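Under my numbering, the first residue of the sequence shown is numbered 230, with each subsequent residue one higher.
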Amino acid sequence: MKNLSQKSKAYYQDNDYYEIFSASEDARGEVGTFLKEISSNKTILDAGCGTGKYLEILENNSKEYIGVDLSSEQIKKAQTKAKKSTSKFICTNLKELPLPDTYFDLIISSWVLGTILDLEERHLALKELKRVLKPNGKIILVENAENSSFEKLRGHDLDGKTKIYNNWLIENDFSLIKTIDDYFLFTSLKDAQKCFEVIYGKKVSTKVVDRKIEHIINIYEYHK
Ligand SMILES: C[S@@+](CC[C@H](N)C(=O)[O-])C[C@H]1O[C@@H](n2cnc3c(N)ncnc32)[C@H](O)[C@@H]1O
């Protein structure tokens, strides 16, 4: 199983840096505002919740919140942020969700499916998300657009990986519904470099020269 979350120490030993990275992302808060607007009174699955970037917004607004993630370390951090006793967290692989059919009104997944590099596993994960979604429910994916300084730093402007993944989403019944011009804003350049080193490696981190990094975000929707 080729999975970024298994390759990257960022989700395990060094997940303090993943936490800083995640907190610096969507600095304008527009994704958060969008999620707030659509999540009111919904039964929500946060698929690959990580350390709970959007937990506060989703939990506050929803009828019920369940966060799932492969990494128990990530889940532990998310749990410390939960405010409602009804919120639940499950450490599991998305490809085998221990959840009933047609349960959720809304599934949110921010920067997750693209980290599942094994295509068969990614398909299984998506199949599971569709299974647990209610008829008329929606899956909302928060993803990277193809052109931004962030993509250039990671070399994805040249290797086309983001483009291939975004095309995969369209092929799998998602529509692009929104593009948001945003940026990462780290507290310091040193933090920015350390986060990029932990997550993407030394070579990428040496290209980071500013604590503010342009990041264009795409929102995709699947309507069952
Ligand atoms: C880039 S992080 C995004 C986390 C969070 N959604 C956010 O916006 O900060 C990707 C997350 O997906 C999780 N993940 C990757 N593959 C997974 C899988 N097959 N099943 C469940 N979680 C997975 C990782 O453990 C990690 O927490």
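Each residue gets a CB set at the ideal place from its N, CA and C atoms; glycine is no exception. Given the structure is predicted, the values throughout are model-derived calculations rather than measurements.
Q: Count the CB pairs spanning the region 299-311 and the region 325-337 that are closer than 8 Å, and state whether there are at least three.
A: no
| For the candidate residues Asn322, Glu248, Thr262, whose alpha-carbon lies nearest to that of isoleucine 409? | Counting from one through the sequence shown, the residue named residue 409 turns up at place 180. Checking every option, the nearest Cα to that of isoleucine 409 belongs to Thr262.
- Message: According to DSSP, is leucine 355 part of a helix, a strand, or is it coil?
- Response: The count along the sequence shown starts at 1 and reaches residue 355 at position 126. Looking at leucine 355 - three-state DSSP - the assignment turns out to be helix.
Q) What residue does the beta strand (DSSP E) around leucine 370 start on, and which one ends it? A) If you number the sequence shown from 1, residue 370 lands on position 141. 362-373 is the extent of the beta strand (DSSP E) around leucine 370.
Check whether the Cβ of lysine 324 sits closer than 7 Å to any heavy atom of ligand 1, and report yes or no.
-> Position 95 of the sequence shown, counting from 1, holds the residue named residue 324. Under cutoff, so the answer is yes.
Does the beta-carbon distance from alanine 256 to aspartate 439 come in below 8 Å?
-> Counting from one through the sequence shown, the residue named residue 256 turns up at place 27. Counting from one through the sequence shown, the residue named residue 439 turns up at place 210. No.
Neighbour-count burial assignment, isoleucine 273, 16 or more Cβ in a 10 Å radius:
The sequence position of residue 273 within the sequence shown is 44, counting from 1. So isoleucine 273 counts as buried.
task: Given a cut-off of 8 Å, decide if isoleucine 406 and isoleucine 448 are closer than it, judged by their beta-carbon atoms.
output: For the purposes of this step, residue 448 is identified with residue 219 of the sequence shown, where counting begins at 1. For the purposes of this step, residue 406 is identified with residue 177 of the sequence shown, where counting begins at 1. Yes.
Flag this pair as yes or no: are the beta carbons of leucine 264 and tyrosine 283 separated by less than 8 Å? Counting from one through the sequence shown, the residue named residue 264 turns up at place 35. Counting from one through the sequence shown, the residue named residue 283 turns up at place 54. Result yes, Cβ atoms of leucine 264 and tyrosine 283 sit closer than 8 Å.
Is there contact between the region 381-397 and the region 353-369, where contact requires at least three CB pairs shorter than 8 Å? no
Query raised in the report: Taking just the CA atoms, how far does glutamine 303 sit from lysine 423?
Result: Taking the first residue of the sequence shown as 1, we reach residue 423 at position 194. Taking the first residue of the sequence shown as 1, we reach residue 303 at position 74. Roughly 19 Å between the two C-alpha positions.
Review point. Since glycine 277 and valine 341 are thought to touch, with beta carbons under 8 Å apart, how far apart are those beta carbons, to the nearest angstrom?
Key: Against the sequence shown, residue 277 aligns to sequence position 48. Against the sequence shown, residue 341 aligns to sequence position 112. Right, the Cβ-Cβ distance comes to about 3 Å (below 8 Å), so this counts as a contact.
Review point. Exposed or buried, threonine 280, counting other C-beta atoms within 10 Å across all chains shown (16 or more means buried)?
Key: Stepping through the sequence shown from its first residue, residue 280 is reached at position 51. Its Cβ being crowded by 16 or more others within 10 Å, threonine 280 is buried.
- prompt: For aspartate 402, which three-state DSSP category applies?
  reply: One-based indexing of the sequence shown puts residue 402 at position 173. In this structure, aspartate 402 counts as coil in the three-state DSSP scheme.
Can you find a C-beta in chain D that's less than 8 Å from the C-beta of isoleucine 267?
No chain D is part of this structure, which consists of one protein chain only.
Query - Residues of its chain near serine 269, where Cβ-Cβ distance is below 6 Å and the 5 sequence neighbours each way are ignored - result: The residue given as residue 269 occupies position 40 in the sequence shown. So the list reads Asn290, once near-sequence residues are dropped.
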